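Heads up: the sequence shown runs through residues 1 to 447, numbered per this note's numbering. For each residue, glycine too, the CB sits at the ideal point set by N, CA and C. These numbers were taken from a predicted model, which means no experiment stands behind them. Everything below concerns the one structure shown next.
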Amino acid sequence: MRGQLFTAFDPGYEPARVLFNTRIRTRPAAIARCAGTADVVAALGFARDQRLPFAVKAGGHNASGLCLVQDGLVIDVGAMRSLKADPAGDPPTVTVGPGIGWRDIDRVTYLEHGLAAPGGECPTVSNAGYTLGGGYGPLTRRFGLGLDHLVAAEVVTANGVVQANDVEHPDLFWAIRGAGGAGFGVVAELTYRLNPVPGTLLTGLRAWPITKGREVFRAYRDLYHDNDDDRLALCLLLSTDPYPDGEPAISIYGLYAGPVDDGEKALASFRAIENPLYDAFEPTSYLDFGQALGAEIPYGLQSKWRGGYFRNEAFDEAAFDTMLEYFATAPSPFSMVRFDLLGGGAVGRVPFDATAFAHRGSTHYVSLISLWQEDADTPENVDWVDRFCEDLRPALTGEVYQNYADKDLADWPTAYYGAHYPRLQEVKRRYDPDNVFRHGQSIAVDR
Ligand SMILES: Cc1cc2nc3c(=O)[nH]c(=O)nc-3n(C[C@H](O)[C@H](O)[C@H](O)COP(=O)(O)OP(=O)(O)OC[C@H]3O[C@@H](n4cnc5c(N)ncnc54)[C@H](O)[C@@H]3O)c2cc1C
């Protein structure tokens, strides 16, 4: 290998093992931090020769820890962070290694060329992990998901390295856009098409005391009801303010991907809700906004992350009450309720069968996120989020975003992939009939 190998007795092992969710205590026998595709091929060959179980890791943000394997080998692509932009191409593209995150990509494509693919909020999520399961961010409603921007990928499959795109291995290319982390191979390079994004946008955050919760929820519901202006991307958040030591608060944050004056008009219904705790919508750059969002993310916590897509007609007063009541009883001040994956707009315009991503019909996704520090606090925080999820279930479609993997889902194939699951199994049988790539929620070979 050109890269590094850490066994459990090497000093670099622990930093390479720890995930965003520190509740995951899985201990692999070794972690192969790959420097390029040849290292991935070597690590995979070694694992197969030695009959070692293996897992694929990039940014380590999978909520259920599917990127680690107990006593096995982790093929870690997080250090594969190459970037080559082609801003003059038709369309303009960027080709990147799987490990690089969106802020580092934006720093080149947006700052130097005024171009961006719709990356997510978190700077340490890898572009590959994000894209292979979906990819929602502030530009998604305007331009589509991360995976809708993927035009080619290099994949280390069980039978060798292939280029997948609309022409070469189109069935594999279809499958990895939605189920790319679920047992088809290791994606070693990704090419995205890019969109022009203005240098200045209206972006920001506005927060109110939780006593304004119903008013803000209603304004949010009304804003996205039959709204075909896909430039307005607002998320909604119940958290403490200042986080995590303050009072319960409800916030909206996001951007308007168009002229600043039009953005001000689009936000009018929220301006009308008086006495905000905090108000910081202002013209700024897409990169600065992304960096501010990333700076808010706390590391080193344990978590249990549940949720689901909302039935559009059930985003109503009863659901608002349930969410406000549960939030008021959260055992940890770190915990939050987030509407952080905004659908509609360009997400809904892509035909259902175009990719393996099955969740194009919903506008809102609710993330119920329990976050805490001490092991002694685990039972009550887990119990809180489980009860919350159960009580909210009637308002949800039953679909769950595969990138917010929930190991407690009984029927995850239906929740993640819906009607696409049988076709994913066909592709799996063609590219990995011996089920070399497998984990607790990978596509099954057998019917
Ligand atoms: C704080 C936080 C913020 C987030 N924000 C957003 C957001 O704004 N928008 C959004 O859509 N999602 C978001 N997510 C979800 C995130 O996109 C997923 O968890 C994503 O899968 C993480 O990728 P990773 O590489 O960091 O994690 P990992 O745990 O390393 O990988 C995730 C899964 O993908 C597989 N995988 C990773 N790389 C490859 C590869 N190269 N080839 C094949 N399989 C691979 C792994 O085996 C694993 O199953 C967020 C998650 C967190 C924890």
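(Q) Can you tell me where the beta strand (DSSP E) holding Ser303 begins and where it ends? (A) Gln302 to Tyr309
Q) Would you say the stretch 53 to 65 touches the stretch 123 to 134, given that touching needs at least three Cβ pairs under 8 Å? A) yes
Q: Keeping to the same chain, check which residues put their C-beta closer than 8 Å to that of Gly348; ignore five residues upstream and five downstream.
A: Arg360 and Gly361
Q) For Ile297, is the classification buried or exposed, using 16 other Cβ atoms within 10 angstroms of its Cβ as the cut-off for buried? A) exposed
Q) Counting Cβ pairs, one atom from each stretch, are 3 or more of them under 8 Å apart for the stretch 164 to 177 and the stretch 211 to 227? A) no
Q. Who pairs with Phe6 in a beta bridge, going by DSSP?
A. Ile31
Q: Check whether the Cβ atoms of Ile443 and Gly183 sit closer than 8 Å, and answer yes or no.
A: yes
**Q.** Ala85: first and last residue of the uninterrupted alpha helix (DSSP H) it sits in
**A.** Element bounds for Ala85: not the alpha helix (DSSP H) but the beta strand (DSSP E), Leu83 to Asp86.
Q) Closest to Leu355 by CA distance: which of Ala179, Phe46, Ala79 and Gly137 is it? A) The amino acid at residue 355 is misidentified as Leu; the sequence shows Thr. Comparing Cα positions, the closest option is Ala179.
Q: Run the CB neighbour count on Ala188, radius 10 Å, all protein chains shown included, and call it buried at 16 or more, exposed below.
A: buried
Q.
Please report the distance separating the alpha-carbon of Leu52 from that of Gly72.
A. 6 Å
(Q) I need the straight-line Cα distance from Phe310 to Pro394, nearest angstrom please. (A) 9 Å
Q) For Val77 versus Val56, is the C-beta distance shorter than 8 Å? A) yes
Q: Could you check which residue in Pro259, Trp305, Gln302 and Pro276 has the C-alpha nearest to that of Pro283?
A: Pro259
Q | Cutoff 6 Å; reference Pro92; Cβ partners in own chain excluding five residues on either side | A | Leu115 and Leu194
Q. Going along the chain, which residues of its own chain have a beta-carbon closer than 7 Å to the beta-carbon of Phe217, five neighbours each way excluded?
A. Phe320
Q.
Using the Cβ count rule (16 or more neighbours within 10 Å means buried), how would you classify Gln302?
A. buried
Q) Are the stretch 392 to 406 and the stretch 140 to 151 in contact at 8 Å, needing three or more beta carbon pairs? A) no
Q. At what residue ranges does the stretch 268 to 347 contain a whole run of the beta strand (DSSP E), taking only runs of 3 or more?
A. 282 to 284, 302 to 309 and 336 to 339
Q. Quick one: what does DSSP say Glu154 is sitting in, helix, strand or coil?
A. strand
**Q.** Same chain, Cβ closer than 8 Å to Ala358, five either side skipped, listed in chain order
**A.** Gly178, Phe352, Glu399, Tyr416, Tyr417, Gly418, Ala419 and His420
Q) Relative to the C-alpha of Ala153, which residue among Gly137, Leu139, Asn159 and Pro170 is closest? A) Pro170
Q. Exposed or buried, Ser370, counting other C-beta atoms within 10 Å across all chains shown (16 or more means buried)?
A. buried
**Q.** Arg142 and Gly343 closer than 8 Å at C-beta
**A.** no
Q) Taking Cβ positions, are Ala79 and Gly3 nearer each other than 8 Å? A) yes
Q: State the Cα-Cα distance for the pair Gly99 and Arg338, rounded to the nearest angstrom.
A: 26 Å
Q.
Relative to the C-alpha of Glu374, which candidate in Ala314, Tyr365, Arg447 and Pro333 has its C-alpha closest?
A. Pro333
Q | From Ala38, Gly204, Phe20 and Arg81, residue whose alpha carbon lies closest to that of Glu264 | A | Gly204
**Q.** For Tyr365, the three-state DSSP class (helix, strand or coil)
**A.** strand
(Q) Do Pro138 and Leu448 have their beta-carbon atoms positioned less than 8 Å apart in this structure? (A) No answer is possible for residue 448: the residues shown for the chain start at 1 and end at 447.
Q: Decide if Asn381 is buried, meaning its Cβ has at least 16 other Cβ atoms within 10 Å, or exposed.
A: buried
Q | Length of the line joining the Cα atoms of Trp102 and Gly119 | A | 5 Å
Q: Have a look at Ala43 and Tyr136 and give me their C-alpha separation to the nearest angstrom.
A: 31 Å
(Q) Does the structure place the stretch 312 to 331 close enough to the stretch 383 to 390 that three or more beta carbon pairs sit under 8 Å? (A) yes
(Q) If you reduce the DSSP assignment to three classes, tell me which class Tyr136 lands in. (A) coil
Q. By a C-beta neighbour count over all protein chains shown, 10 Å radius and 16 as the cutoff for buried, is Pro379 buried or exposed?
A. exposed
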